[in-house]
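In the numbering used here, the protein residues as written are 8 to 469. Where a beta carbon is used, it is the ideal one built from N, C-alpha and C, also for glycine. Please read all numbers here as calculations on a predicted model, not as lab measurements.
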């Protein structure tokens, strides 16, 4: 403190970094928990969007389906292409939304894409033919990736290091909620058009919640010098004078922004190895995860019950991920879970199908890959710097979609030999475990918002 005269005192603000502010708010503010909770529900929204494809052609016993209305019995390939077009949209969504998000912010992309999901559900309900329905599902895939990916990055950039495992767990719960919510919606709908409209309702409500309660990412604001928004949205949450060093605001020159990734790679060539490693691990996890889901749908019993059980079985995996991510290093979790999954799948080759031991190994493999899949989201978000994070995660996400594209062919392998899918799962898991050794350790480290900035200035709050 410095006395300016006998009756007034000027308090010198304390300089604090973004990660230190988040750590203060971890115990002092309800804001962080609200942001994490709301953003995690974006995966519930995503679950509705992607898993709706399981019901618009099945639904309940009396529901009018797409196959019936568009007479697709002899053109079943069009029905299947409606689902695959969603994955194609994911690829475009990952490329487009990640670049835009790094330019204009995580929040506007998340909000726009969430609204887009709801609007597309409404438009799909009025599709006059299967071809426009396929085109609509492609756009659905674009918005799906933009909503979920931007939400994940925003939440992680608003999460203190010690809360990151809890954030990952919350997102896992959000996915299961959306996955399971599709079932009662389908049971209530009388036609596939009504089903589409009903799916739009929770997504529209969620977009309103995002608009009201989710601010822009603190790290993105700091990296882009948004002083006014930092003061209004973040520094007012703490009852003490603080200032945050921020990057000097860059100009609006689009060519400069497009060159950020190239310039960074030229200065730090190791980033190429990290992108390749994260992308390959993500591809392997997507192939195993979605391949397992498709390969395990031949269970006896009611289709709806089986669908629900396959969703709920992921809960123990997310709970385990929460525990191990708090107590163990990221690289250890990455390697051990993939190696455990690989061992479980290889052992299954030598165990009689249908035995209790076979079921145990199957569940161990599914549990391990669920933890691994969540860990790659966490670790990938921690490796890359703020100004590149969403773009690079978008690139890795596009690579991972290749695993999702090839996952349906697991059933084709099983027709050749029941051993081939197990060899494929085990090989991909083992390969991913080895690649994980090339990644740096990121546990409890700050999400670096401005390490590569050339100049700084301060944002003051009093």
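First and last residue of the alpha helix (DSSP H) that includes residue i?
i	result
residue 218	199-220
residue 416	It is not in any alpha helix (DSSP H) - residue 416 carries neither H nor E in the DSSP assignment.
residue 165	It is not in any alpha helix (DSSP H) - residue 165 carries neither H nor E in the DSSP assignment.
residue 444	Residue 444 -> no alpha helix (DSSP H), and no H or E assigned at all.
residue 380	363-390
residue 49	38-58
residue 75	73-77
residue 333	322-334
residue 176	171-195
Decide if residue i is buried, meaning its Cβ has at least 16 other Cβ atoms within 10 Å, or exposed.
i	result
residue 231	buried
residue 307	Unreliable placement is indicated for residue 307, whose pLDDT of 45 sits below 50; no coordinate value is reported for it.
residue 169	exposed
residue 19	For residue 19, the predicted structure reports a pLDDT of 46, less than 50, and the residue's modelled location is therefore unreliable. A value from the coordinates is still provided. When all chains shown are included, residue 19 counts as exposed.
residue 97	buried
residue 273	exposed
residue 220	exposed
residue 164	buried
residue 360	exposed
residue 147	buried
residue 260	Because the pLDDT of residue 260 is 46, which lies under 50, any placement of that residue in the model is unreliable, and the question is left without a value.
residue 419	exposed
Are the beta-carbon atoms belonging to residue i and residue j less than 8 Å from one another?
i	j	result
residue 110	residue 224	no
residue 338	residue 436	no
residue 380	residue 296	yes
residue 140	residue 134	yes
residue 329	residue 175	yes
residue 281	residue 122	no
residue 285	residue 383	yes
residue 438	residue 343	no
residue 283	residue 407	no
residue 348	residue 375	yes
residue 46	residue 162	yes
residue 350	residue 369	no
residue 142	residue 211	no
residue 105	residue 388	no
residue 421	residue 427	yes
residue 364	residue 358	yes
Out of the options, which one is the CA nearest neighbour of residue i?
i	options	result
residue 218	120, 344 and 352	120
residue 199	352, 72, 371 and 51	72
residue 186	448, 326 and 320	320
residue 401	103, 292, 288 and 76	103
residue 313	190, 155, 57 and 136	190
residue 182	377, 425 and 417	377
residue 448	385, 229, 429 and 146	385
residue 59	144, 278, 82 and 100	144
residue 160	276, 42, 203 and 235	42
residue 409	39, 341 and 91	91
The region 53-63 contacting the region 148-160, beta-carbon criterion three pairs below 8 Å: yes
Three or more C-beta pairs below 8 Å linking the region 86-98 and the region 197-217: no
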